[in-house]
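Undergrad:
Number of protein chains: 2
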Amino acid sequence: MTNLKTDAAYELFEGLIRGSRPHLSRAISYVENGAPGAAELLSHAYKARKGAMLTGVTGSPGVGKSTLVDGIVSELRKAGHTVGVIAVDPSSPFTGGAILGDRVRMRQGHSLDQGVFFRSLATRGHLGGLSRHTGDVVALLDAFGFDHIVIETVGAGQSEVDIMRYAHTVVVALAPGLGDDMQAIKAGILEIGDVFCVNKADLPGAERTRRDIEMMLAMREPGGWTPPVVSSVAVAGKGLEGLVGEVLRHQTYLVSSGLLRERNRGSSTAVLEEYLHLLTVGKVMESASRDGSLDAALDDLVEGKSGPMEMAERLLRRYRE
Amino acid sequence: MTNLKTDAAYELFEGLIRGSRPHLSRAISYVENGAPGAAELLSHAYKARKGAMLTGVTGSPGVGKSTLVDGIVSELRKAGHTVGVIAVDPSSPFTGGAILGDRVRMRQGHSLDQGVFFRSLATRGHLGGLSRHTGDVVALLDAFGFDHIVIETVGAGQSEVDIMRYAHTVVVALAPGLGDDMQAIKAGILEIGDVFCVNKADLPGAERTRRDIEMMLAMREPGGWTPPVVSSVAVAGKGLEGLVGEVLRHQTYLVSSGLLRERNRGSSTAVLEEYLHLLTVGKVMESASRDGSLDAALDDLVEGKSGPMEMAERLLRRYRE
């Protein structure tokens, strides 16, 4: 590892691999802030990954995702696994970090447990669903050596599709009484779930929500993995063992069927595309912004003097020269 | 327009500009399917845009967005405006188009009205929030000559941030009783709204939802536009006039403050980045996939023999040579 030129990056990588939590925390901030040695640190972290299992948990606001994730973590700990948690938070700039207060509080149950590490990532300002750094932070946690990594994301849109690209197992959390269930199904949520969990199962309508999902799932092509539907009351600690059991069963299935490698290739494709975007679109936009050609290009586009394809070609040519 | 080399593209563009709805429909399919002349058709459409006002409507599943959009369309029609509607549907592959049944039914109220055009766009298979074609379809509708274009999107995640990049005015729809309101606020929904609408305002808790939003909005930096909060019961046709009044007032504000040009530059930036992505990342991945180097690259990444940055640089070098 002597080719880590930047001293700070070297120290962080070294500490991380050694299992130092303060180094891991600082390494994540280092990457989030785009520090000078970040690329080098990440290059080593990606190669030092130990093969953690990755579980994504997603669902609409109000289904009790944070509590559910807490419960999943507890169950994984009982089974002797160490767990790193990434919560992707599309935070608001004017409410700041304060709104995360309750989330942090919920995590206090694990705060003294050295086998659990929790980190929030903001998506603010990044395009493409998850935080731009999600893949990178997963690599850091994996190089650190957690057995399991759980990614929690809010929303019923693109972030689910993106999370699927990174996770081995996607848990879709639902709850009864969240309006029109068909709407959730419209949101394409069914197609990405490996395990479905009807949380708040003590509320009226839970059985119906469960039946609706099962009916929709029955319309899928048979063969391969049949996504199970489990029920839980996460605040009361109910149903979590069953949920985690299904997650682990799915991961065993991925290994035995050879699909694990497919999923890993999928997440590598996602990461590769992100890096290519940085190296191409990112550089072209940066250079065009610096020399004023972006400004002129936007004026032309707004005024309809040029179309976006011609303009993209022109900026690209200019950048390459 | 004689430089439209492809006959089909020429005919489509010509028909579209002339105001033929069948040509508009076919032009959209042409673009969605990536037909050979699509780039040329779009290049002309972008330059022929007439400056429609763009309103985005977003909110979690269950708030009654489709009904609300229908109501907005009716109000705009009453005011004498023509309206094009794009509904972005993250549709499921195994439930197919069938789940859109109710949505289509809802639109039948406008189906005989030549001043309204409705189109669903699937996001399936595309990265980056909205359908990759959203900007392009907006350009087609704008070139056709609609006074207003309404984009409806589902979700509480990245798609909202993306819609903000295209719309002049973003309407955030909420409803009482959709679980934890703070969760919606966490989802960053507050920061993107120009107009807030508490729909289903006849349900218990509506007043509280409204107060919560107003309280959060009061924490914003003062100055500029203060987002109004309106109430509606869209299924009963209540509150829609007030809602559309606020949308139009926001658009008048954008014009008088000069911010309209800023928003147009923002959406041009989004479109430009998409085209640059196609021309760079798209081409590199395509070429690497063709010659087998992508396959080898993914193997190396999965096995930890290489990091994504090195690999992205290698593929890019190879592509350029």
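Chains A and B, in that order, give the protein sequences.
Quick note on the working numbering: the first sequence kicks off at 6 and runs consecutively.
Quick note on the working numbering: the second sequence kicks off at 6 and runs consecutively.
Ideal Cβ placement from N, Cα and C applies to all residues, glycine included.
#1: Between M316(B) and the rest of its own chain, which residues show a CB-CB distance below 8 Å, the 5 nearest in sequence each way excluded?
#2: Check each candidate in G24(B), T63(B) and Y51(B) and name the one with the smallest Cα separation from E196(B).
#3: Whole angstroms are fine: how far does the CA of S25(B) sit from the CA of R31(A)?
#4: Jot down the residue ranges of each uninterrupted alpha helix (DSSP H) in the region 190-247 of chain B, minimum 4 residues, whole runs only, in chain order.
#5: Near G242(A), which residues of its chain fall below 7 Å by C-beta distance, leaving aside the five closest residues on each side in sequence?
#6: Within its chain, find whatever has a CB closer than 7 Å to the CB of A33(B); leave out the 5 residues flanking it on each side and keep chain order.
#7: What does a CB cutoff of less than 7 Å around H86(B) pick up in its chain, not counting 5 residues either side in sequence?
#8: Report back the beta-carbon spacing between V36(A) and L46(A) to the nearest angstrom; my notes put them in contact at under 8 Å.
#9: If we call anything under 9 Å between Cβ atoms a contact, is V175(A) one with G263(A)?
#10: Considering only residues of the same chain and omitting the five flanking positions on each side of S292(A), which have a CB-CB separation below 7 Å?
#11: Which whole-angstrom value is the C-beta distance of E278(B) and M290(A), which I expect to be below 8 Å?
#12: Among the residues of its own chain, which have a CB less than 7 Å from the CB of Y258(B), if the five just before and after it don't count?
#13: Where does the unbroken beta strand (DSSP E) through G76(B) begin, and where does it stop?
#14: Check whether chain B comes within 9 Å of P209(A), counting only Cβ atoms and requiring the distance to be less than that.
#15: In whole angstroms, what separates the C-alpha of L59(A) from that of L17(A)?
#16: Where does the unbroken beta strand (DSSP E) through G56(B) begin, and where does it stop?
#17: Helix, strand or coil for H153(B), going by three-state DSSP, please let me know.
#18: Please classify T87(B): does DSSP put it in a helix, a strand, or coil?
#19: Examine chain A for any beta-carbon lying closer than 9 Å to the beta-carbon of V90(B), and answer yes or no.
#20: Determine the direct distance from the alpha carbon of K70(B) to that of I104(B), and round the result to whole angstroms.
#21: Would you say S298(A) faces chain B, with C-beta separation under 9 Å as the test?
#22: How would you write the range of the alpha helix (DSSP H) that A178(A) sits in, first residue to last?
#23: Reducing DSSP to helix, strand and coil, say where S25(A) ends up.
#24: Within 9 Å (strictly less), CB to CB, does R269(B) reach chain A?
#25: What residue from N38(A), S237(A) and A172(A) has the CA that sits closest to T72(A)'s CA?
#26: Please determine, among S298(A), G312(A) and T285(A), the residue with the shortest C-alpha to C-alpha distance to L320(B).
#27: Please name the residues in the region 270-284 of chain A whose beta-carbon is closer than 7 Å to at least one beta-carbon of chain B, in chain order.
#28: Examine chain B for any beta-carbon lying closer than 9 Å to the beta-carbon of L17(A), and answer yes or no.
#29: Rounded C-beta distance between G140(A) and V276(A)? I'm assuming under 8 Å.
#30: Can you list, in chain order, the residues of the region 305-322 of chain B whose Cβ is nearer than 8 Å to any Cβ on chain A?
#31: Between which two residues does the alpha helix (DSSP H) holding V307(B) run?
#32: Mind listing, in chain order, the continuous beta strand (DSSP E) runs of no fewer than 3 residues lying wholly within the region 261-300 of chain A?
#33: Please confirm if S65(B) has its CB atom under 9 Å from at least one CB of chain A.
#34: Could you name the residues that DSSP lists as bridge partners for T158(B)?
#35: Using 9 Å as the threshold, is the C-beta distance between V155(A) and V260(A) below it?
#36: Express the C-alpha separation of N38(B) and H255(B) in angstroms, rounding to a whole number.
TA: Straight from the coordinates:
#1: A302, D305 and L306
#2: T63(B)
#3: 60 Å
#4: 211-223
#5: G76
#6: The sequence given here has Ile at residue 33(B), not Ala. Here the set comprises R124, V142 and L145.
#7: D152 and H153
#8: 7 Å
#9: no
#10: Y324
#11: 7 Å
#12: W230
#13: Premise fails: G76(B) lies in the alpha helix (DSSP H), K70 to K83, not in any beta strand (DSSP E).
#14: no
#15: 23 Å
#16: Premise fails: G56(B) is in no beta strand (DSSP E) and is neither H nor E.
#17: strand
#18: coil
#19: no
#20: A caution first: I104(B) carries a pLDDT of 38, below 50, which makes its placement in the model too unreliable to give a value.
#21: no
#22: Run containing A178(A): none in the alpha helix (DSSP H); it sits in the beta strand (DSSP E), T174 to L179.
#23: coil
#24: Correcting the residue identity first, residue 269(B) is Asn in this sequence and not Arg. For N269(B), the answer is yes, since a Cβ of chain A falls inside 9 Å of its Cβ.
#25: S237(A)
#26: T285(A)
#27: R270, S273, T274, V276, L277, E278, Y280, L281, H282 and L284
#28: no
#29: 4 Å
#30: L306, V307, G309, K310, S311, G312, P313, M314, E315, M316, A317, E318, L320 and L321
#31: S298 to V307
#32: none
#33: yes
#34: T63(B) and V93(B)
#35: no
#36: 35 Å
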